[in-house]
Amino acid sequence: MGGQENYEAIPIGMDLGTLEMTLDEETVRNRTELVQWQAKGPAEKGFAPPGFTISQHARMKFEALPEMRASIWAKSEQEFLKPMKLGSKIFIRGRVVDKYVKRGRNYMVTDLETTDETGEVLLRSRETAVYVE
Numbered sequence: 617m618g619g620q621e622n623y624e625a626i627p628i629g630m631d632l633g634t635l636e637m638t639l640d641e642e643t644v645r646n647r648t649e650l651v652q653w654q655a656k657g658p659a660e661k662g663f664a665p666p667g668f669t670i671s672q673h674a675r676m677k678f679e680a681l682p683e684m685r686a687s688i689w690a691k692s693e694q695e696f697l698k699p700m701k702l703g704s705k706i707f708i709r710g711r712v713v714d715k716y717v718k719r720g721r722n723y724m725v726t727d728l729e730t731t732d733e734t735g736e737v738l739l740r741s742r743e744t745a746v747y748v749e
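Just so we're aligned, residue 617 is where the sequence shown starts under the working numbering, counting upward by one.
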């Protein structure tokens with residue numbers, strides 16, 4: 617199988633798996649430096665910057681769909697519900713919610729949700745990406 621056949625084989629509702637992370641000080645500091653986050657206030661008060669985990673979403677797609685070479689971000693919506701606390705364990709879960717073809721390109725829509733160890737939702741994301749093999 618290749619190209620269009622692989623894309624068509626992706627089922628709506630496909631589980632992208634669960635990614636578990638511990639928001640230790642070093643992880644948060646490294647990520648904050650990588651993205652050049654200027655506001656030090658949240659980290660000093662014990663919180664990770666908003667959107668801290670969004671970079672993990674593409675990683676989850678690539679792990680679930682190894683034939684995908686690129687996931688070009690076309691659109692994204694985030695709903696920040698609660699801050700992510702330093703030292704907490706978080707879980708990111710994702711699934712494919714839609715697929716469509718527009719102007720000859722394959723699009724895939726995913727919903728991702730970040731929760732803390734108590735199950736409380738911290739972040740909801742809906743991302744639309746061009747699926748490239």
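Here a beta-carbon is modelled for each residue, glycine too, at the ideal position from N, C-alpha and C.
All values reported here derive from a predicted model rather than from experimental measurement.
Give me, in chain order, the residues of the same chain whose beta-carbon lies closer than 6 Å to that of I670; leave out the 5 immediate sequence neighbours on both sides.
Mapped onto the sequence shown, residue 670 falls at position 54. Correct list: empty, nothing qualifies.
Let me make sure I understand the geometry here. Which of L635, F668, S687 and I708 has the alpha-carbon closest to that of N722?
On the sequence shown, position 106 is the one that residue 722 refers to. For N722, the nearest C-alpha among the options comes from S687.
With distance defined between alpha-carbon atoms, name the residue in Y623, K705, V737 and K701 nearest to K677.
Counting from one through the sequence shown, the residue named residue 677 turns up at place 61. Across the set Y623, K705, V737 and K701, the C-alpha of Y623 shows the shortest separation from the C-alpha of K677.
Tell me the residue span of the alpha helix (DSSP H) that contains F678.
Looking up residue 678 in the sequence shown gives position 62. Per DSSP, F678 belongs to the alpha helix (DSSP H) from S671 to A680.
Measuring straight from C-alpha to C-alpha, what distance separates V737 and G720?
Mapped onto the sequence shown, residue 737 falls at position 121. Mapped onto the sequence shown, residue 720 falls at position 104. For V737 and G720, the distance between alpha carbons rounds to 36 Å.
Residue from L728, K701 and E749 with nearest C-alpha to T643
The sequence position of residue 643 within the sequence shown is 27, counting from 1. Checked all of L728, K701 and E749; the closest Cα to T643 is K701.
Cutoff 6 Å; reference P682; Cβ partners in own chain excluding five residues on either side:
Along the sequence shown, one-based indexing puts residue 682 at 66. No residues qualify anywhere along the chain.
Look up G710 in the DSSP assignment and give the residues it is bridged to.
Position 94 of the sequence shown holds residue 710. In the DSSP output, where bridge partners are listed per residue, G710 has G633 and L728.
Cβ of V746 within 8 Å of Cβ of T726?
The residue given as residue 746 occupies position 130 in the sequence shown. The residue given as residue 726 occupies position 110 in the sequence shown. No, the Cβ-Cβ distance between V746 and T726 is not below 8 Å.
Whole-angstrom distance between T638 and A625, CA atom to CA atom
Taking the sequence shown and counting its residues from 1, the one referred to as residue 625 is at position 9. Taking the sequence shown and counting its residues from 1, the one referred to as residue 638 is at position 22. Approximately 34 Å between the Cα atoms of the pair.
How far does the alpha helix (DSSP H) with A686 in it extend, from its first residue to its last?
As a first step, residue 686 is located in the sequence shown; it is residue number 70 there, counting from the start. No alpha helix (DSSP H) contains A686, which is instead part of the beta strand (DSSP E) from A686 to F696.
Expressed to the nearest angstrom, what Euclidean distance is found between the alpha-carbon atoms of P666 and E749?
Against the sequence shown, residue 666 aligns to sequence position 50. Against the sequence shown, residue 749 aligns to sequence position 133. Whole-angstrom Cα-Cα distance: 31 Å.
Look at the alpha carbon of G633 and the alpha carbon of E621, and state the distance between them as a whole number of angstroms.
On the sequence shown, residue 633 is found 17 positions in, with the first residue counted as 1. On the sequence shown, residue 621 is found 5 positions in, with the first residue counted as 1. Going from the Cα of G633 to the Cα of E621 covers about 22 Å.
Under 8 Å, do I628 and K715 count as touching if we go by C-beta distance?
Within the sequence shown, residue 628 is the residue found at index 12, counting from 1. Within the sequence shown, residue 715 is the residue found at index 99, counting from 1. Closer than 8 Å, so yes.
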